[in-house]
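One structure below.
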Amino acid sequence: MTDPTPAGPVDEIAQGLAAFVCSLPREMDEATEKAARLVLLDSFAVALGALSHPAAEAGRRYAALFPAAEGALVWGTTMRASPEIATLVNGVPLRGYDYNDLYIGKGGGGHPSDIVPGVLAMAEWSAVGGRDVLWALAVGYEVALHLFDTVAISKSAWDYVNITGIAGTCAIGALMGLTQDQLAEALGITVIPHAASHEVESSELNRRGDLTMWKRFNGSDAVRQSVYACLLASVGVEGAVRPFTGKYGFMNQINTDPGATAKVLDLLSRRDAPRRIAQTTFKRWPVGSRAQSAIQAILEARAKIAGPALVEKLRIFTQEGVYEHLVRSRKDPWHPFSRETADHSLPYVAVAALLDGRIRPESFGPDRVADPALRDFLENRVTVEVEPPLDNAEPGEFLSRVELLLKDGSIVRGEARPAPGHPKQPFTEAEMVAKLGENTAALLGKTGVANLAEAVRTLGEAKRVNGLVSCLSL
């Protein structure tokens, strides 16, 4: 007998993503598991080190409006909240100082570790094991990096968090064990109701002279939507019929390249165990990725002289994309007056690194930004130039080199190289633990840092994530 129900239209990408996730071998090699642990260490270092950021404090005030006896931990507190709220609030300090990881693909780039708070919150709520968490992170990164390579989000009016939201849904859906049909519906619920505009990256300043606080919420809000979408789909809620490929679907709204759908489907046709999480770039210093190579070059040159008092002039040579993001698009990068006008100014970052021999969150505090000696050097003795040959670097390297012109007429150079944390100069696990300590020792104490590092190291053996999460409670 013929089924009288007509076949409906099929969204190739929603179904392709769902089939990809649900058919991946549930296994990880040693390198992938290590990379997932590095992502966790880095995320905790960054987020716990930014708990005092005003956006993070505001997020916790929001969580306090909905006290819960159970649920997921609000990091840095003893509060608990629903998985959605915990995902939102814990993701804010992760983006507080623009210090979490980055991937730049052929179509655009973003911060795939946005998914970490959502995966961990749902792991608490679902009572799954630690290895499931590492595997879900690997799945989410696999999807995020595939999409950053094939979907030209950076050319559109939409922010990168639309990609990490999709990746978050795939990771959380995998963690929850959603069926292929449920995951396809969750993806529809993710991309249609939540379209994050690129306006958050407009570089316009608010009345305090800061970039919008929402920049710190944008990534975690996208992944909060992932949690919401997966939970809705798990109880039978359905999304749009063709959320990606329909007339008003995601792929058409972002004005992507005509062949993007085919490229996405080609990558999704592969069913190897997820490994791409090892391709992300970590940051050594708490500023955007485009300044990392310049800081390295400054510190390299500084180490060759007796001290910054010998420097008459600092010359910075950089890529066009770095210059555009950290000089040209900024209102007045030679006269910053707030944290975010300073940490998004390449001249300021370079001078602070030269004078102090390091870059830390306090490098952008009000007193340091207003320091007369620093401002005099910045305003009178720094130049920044685009050097076209540097643009031949691979995406995500963001190369800069520097020259220190000394008062005796000699020149000392710092070379253009990928910064520590880039896949060409990767962090070891010990170096990442050192970053964790550097950022959290004042908060956790030496013992607390060691306990957290050990909980991450042994997470793959843990039957639940409670031990790890307890290390995040203060």
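According to our numbering, the stretch in the sequence shown is residues 1 to 474, in order. No residue lacks a Cβ here, since even glycine has one placed at the ideal position from N, Cα and C.
- When 66, 283, 27, 253 are compared, the shortest CA-CA separation from residue 425 is found for 283.
- The straight-line gap separating the alpha-carbon atoms of residue 232 and residue 186 is approximately 7 Å.
- Excluding sequence positions up to five before and after residue 191, its CB lies within less than 6 Å of the CB of 243, 250, all in the same chain and listed in chain order.
- Going by DSSP, residue 124 is part of no beta strand (DSSP E) but of the alpha helix (DSSP H) stretching over 116 to 126.
- Inclusion of residue 79 and residue 126 in the CB contact set at 8 Å is not warranted, their separation being larger than that value.
- Beta bridge pairing from DSSP links residue 385 with 317.
- Taking residue 257 as the centre and dropping the five residues before and after it, the same chain places the C-beta of 152 closer than 6 Å to its C-beta, in chain order.
- If you draw a straight line from the Cα of residue 382 to the Cα of residue 220, it comes to about 37 Å.
- Excluding residues up to 5 positions away in sequence, 89, 92 lie with their Cβ nearer than 6 Å to the Cβ of residue 59 in the same chain.
- Annotation for residue 411: the continuous beta strand (DSSP E) segment containing it runs 411 to 414.
- In this structure, the beta-carbon distance from residue 86 to residue 71 falls below 8 Å.
- Look at residue 248 here: in three-state DSSP terms it is coil, with no helix or strand label.
- Residue 129 holds the alpha-carbon nearest to the alpha-carbon of residue 465 among 343, 24, 129.
- Residue 338 holds the alpha-carbon nearest to the alpha-carbon of residue 208 among 118, 433, 366, 338.
- With a cutoff of 8 Å on beta-carbon distance, residue 305 and residue 406 are scored as near each other.
- Nearest neighbour of residue 343 by Cα position, chosen from 373, 285, 319, turns out to be 285.
- Contact between the stretch 429 to 438 and the stretch 36 to 50 is present: three or more C-beta pairs spanning the two stretches fall below 8 Å.
- DSSP, read as helix, strand or coil, puts residue 179 in coil.
- A Cβ-Cβ separation of about 16 Å leaves residue 144 out of contact with residue 133 under the 8 Å criterion.
- Within its own chain, the residues whose Cβ lies closer than 6 Å to the Cβ of residue 308, once the five positions on either side in sequence are excluded, are 354, 355, listed in chain order.
- Going by C-alpha positions, residue 246 is about 35 Å away from residue 36.
- The alpha carbon of residue 254 has as its nearest neighbour, out of 107, 25, 429, the alpha carbon of 107.
- DSSP, reduced to helix, strand and coil, places residue 228 within a helical segment of the structure shown.
- Counting every other CB atom within 10 Å of its CB across the protein chains shown gives residue 236 a total below 16, marking it as exposed.
- The C-alpha of residue 363 is placed about 45 Å away from the C-alpha of residue 266.
- Each of 172, 211, 223 was checked against the Cα of residue 195, and the nearest Cα belongs to 223.
- Excluding sequence positions up to five before and after residue 320, its CB lies within less than 8 Å of the CB of 386, 388, 391, all in the same chain and listed in chain order.
- If only uninterrupted alpha helix (DSSP H) runs of at least 4 residues are considered, those enclosed by the stretch 61 to 99 are 83 to 94.
- Of the candidates 303, 17, 102, 12, the residue whose Cα lies closest to the Cα of residue 277 is 102.
- Across the set 341, 240, 11, 114, the C-alpha of 114 shows the shortest separation from the C-alpha of residue 44.
- The bridge partners DSSP lists for residue 281 are 102.
- If you ignore the 5 residues before and after residue 9, its C-beta comes within less than 7 Å of the C-beta of 241, 242, all in its own chain and listed in chain order.
- The stretch 398 to 443 contains, as complete beta strand (DSSP E) runs of 3+ residues, the segments 400 to 406, 411 to 414 (chain order).
- Straight-line spacing of the CA atoms in residue 410 and residue 269 works out to 57 Å.
- The Cβ neighbour count for residue 473, taken over all protein chains shown within 10 Å, is under 16; the residue is labelled exposed.
- In the DSSP assignment, residue 311 is bridged to 406.
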